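So in the numbering used here, spot 29 of the sequence shown is number 29, and the numbers just go up one at a time. Note that beta-carbon positions come from the ideal geometry of N, C-alpha and C, so glycine has one too. Just so it is clear, the structure is predicted and the values come from calculations on it, not from any experiment. Input: a single structure, listed below in structure tokens.
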Amino acid sequence: MQVQVRDNNVDQALRVLKKRLQREGVFREMKLRKYFEKPSEERVRKKAEAVRRNRKAARKQAIREGLIAAPKRPAGAFKR
1 MQVQVRDNNV DQALRVLKKR LQREGVFREM KLRKYFEKPS EERVRKKAEA
51 VRRNRKAARK QAIREGLIAA PKRPAGAFKR
């Protein structure tokens, strides 16, 4: 993975690199590989992640179809 440094701005390039690594899931993978995970624990974790993904997708679909109301945003929050 490459990140270009513009105008000797290493801090900005580092921020971009971290964001890309986060998006790719590298940090999560490193955290998981830090310790050995038993195959049974891995199965349980993956199944729980799949359930979480499916629930989130179903909730988003229900919001899109108007079956449930979208969550309220806090007053100070804004979208970038």
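Spatial neighbours of residue 5 in its own chain (CB-CB distance under 6 angstroms, excluding positions within 5 residues in sequence) are listed in chain order as 13. A distance below 7 angstroms separates the beta carbons of residue 68 and residue 62.
A Cβ-Cβ contact shorter than 7 angstroms links residue 3 with residue 17. Contact between residue 1 and residue 20 is confirmed by a C-beta separation of about 6 angstroms, below the 8 angstroms threshold.
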